[in-house]
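Structure first, then comments.
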Amino acid sequence: DSGCSKHMTGDHSRLKNFMKKFIGTVRFGNEHFGAIMGYRDYMIGDSVISRVYYVEGLEHNLFSVEQFCDSDLEVAFRKHSCYV
């Protein structure tokens, strides 16, 4: 668990109608910081994940289990996968 409190991605090409705008910074567990340069809905095939921050330089997608649950979605973990 990354302890991520908001959905984040370093790939703004998957964000629907993305417009780059500095929003603030995020601090990671290793004490590094990243610039939040906007947010939008993240497209995965026919599915949409709402309110995903674009963080410049982020090399992996980070998704918040709490944010999924607040959206009335269920999250299930298996040995090598996660289902929403």
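Counting from 1, one number per residue, gives the positions in the sequence shown under the UniProt record's numbering.
Here a beta-carbon is modelled for each residue, glycine too, at the ideal position from N, C-alpha and C.
Just so it is clear, the structure is predicted and the values come from calculations on it, not from any experiment.
query	result
DSSP-derived helix/strand/coil call for S13	helix
Sub-8 Å separation of S64 and C4 beta-carbons	yes
Touch test, the segment 29-42 against the segment 50-65, Cβ-Cβ under 8 Å, three pairs minimum	yes
Cβ-Cβ distance between D41 and S50 below 8 Å	yes
Euclidean distance between Cα positions of L15 and H7	12 Å
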